[in-house]
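A.B. asks:
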Amino acid sequence: MFVFDSFEIKGNHICKLVLPEKVYSQDLFQIIQDEHDRIQEWLPIPEKTKTLEDEENFIEYVQKKMIEKKLFTLCILVDNRVVGTIDLHDISHKHRRAEIGYWISGKWEGYGIVTNACKSIINYGFSVLDLHKIYIEVDSQNFKSQAVAQRLGFSKEAHFKEVLVHNGDYHDSIWFGLVNENN
Numbered sequence: 001m002f003v004f005d006s007f008e009i010k011g012n013h014i015c016k017l018v019l020p021e022k023v024y025s026q027d028l029f030q031i032i033q034d035e036h037d038r039i040q041e042w043l044p045i046p047e048k049t050k051t052l053e054d055e056e057n058f059i060e061y062v063q064k065k066m067i068e069k070k071l072f073t074l075c076i077l078v079d080n081r082v083v084g085t086i087d088l089h090d091i092s093h094k095h096r097r098a099e100i101g102y103w104i105s106g107k108w109e110g111y112g113i114v115t116n117a118c119k120s121i122i123n124y125g126f127s128v129l130d131l132h133k134i135y136i137e138v139d140s141q142n143f144k145s146q147a148v149a150q151r152l153g154f155s156k157e158a159h160f161k162e163v164l165v166h167n168g169d170y171h172d173s174i175w176f177g178l179v180n181e182n183n
């Protein structure tokens with residue numbers, strides 16, 4: 001296991017950000033199944049992950065895209081158990097930008113995990129990938145993710161009406177951006 005970063009969270013738990021490996025497939029799949037409705041409220045992950053094999057194939061896909069430098073994904077572990085993922089996707093080296101995506105088990109919301117994981121991946125994006133800008137797209141009803149973006153210093157840049165569909169209903173999309181002031 002390659003540990004990209006680690007930090008302590010409330011309750012003396014240790015959170016680690018690690019490279020994705022097939023060994024995490026079973027636990028990721030189980031969380032997606034157990035928290036299907038909660039996750040699907042904001043993300044299409046449950047629609048795409050019907051079987052353990054789907055999750056294993058996704059890990060393989062992620063590893064391939066990471067080698068191609070088109071994606072950078074980390075598994076989020078708490079006390080050495082996987083609880084979610086975070087990534088930089090839609091990486092454009094030409095335009096020096098990327099978008100952050102993440103999801104975490106509801107059992108671990110409110111511990112500051114996503115905020116700290118975002119800080120780590122933003123630092124990587126700006127310092128290693130030499131990105132100029134990082135975006136976060138948030139469903140207008142996802143107030144927790146909006147709060148994460150604001151805590152991290154992102155600025156609201158756009159509000160698109162009825163561009164996301166969740167459970168048959170149209171939702172607005174809010175785009176937050178953060179510019180690397182050092183380049």
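Counted the way UniProt numbering counts, the sequence shown spans residues 1 to 183. A virtual CB, placed ideally from N, CA and C, is assigned to each residue, including glycine.
(1) Give the DSSP-derived three-state secondary structure of V18 in the structure shown.
(2) Taking C-alpha atoms, which residue in G168, G110, D139 and F126 lies nearest to K10?
(3) Answer with buried or exposed for I31, where buried requires no fewer than 16 other C-beta atoms within 10 angstroms of its C-beta.
(4) Between the C-alpha atoms of S123 and F72, what's the straight-line distance to the nearest angstrom?
(5) Could you tell me which uninterrupted alpha helix (DSSP H) segments, each at least 4 residues in length, are contained entirely in the UniProt domain "N-acetyltransferase" (29-177), listed from first to last along the chain?
(6) Here's the rule I'm using: 16 or more other beta-carbon atoms within 10 Å means buried, otherwise exposed. How should I100 be labelled?
(7) From the DSSP output, read off the bridge partner residues of S25.
C.D. replies: Once the coordinates are examined:
(1) V18 carries a strand assignment under DSSP once its states are collapsed to helix, strand and coil.
(2) G110
(3) Around the beta carbon of I31, a 10 Å sphere encloses 16 or more other beta carbons of the protein chains shown; the residue is thus reported as buried.
(4) The question names Ser, but residue 123 in the sequence shown is Asn. Each residue's Cα considered, the two are about 13 Å apart.
(5) Runs of the alpha helix (DSSP H) lying entirely within the UniProt domain "N-acetyltransferase" (29-177), each at least 4 residues long, are 36-40, 45-48, 52-67, 113-127 and 143-151 in chain order.
(6) buried
(7) Answer is none; S25 lacks a bridge partner.
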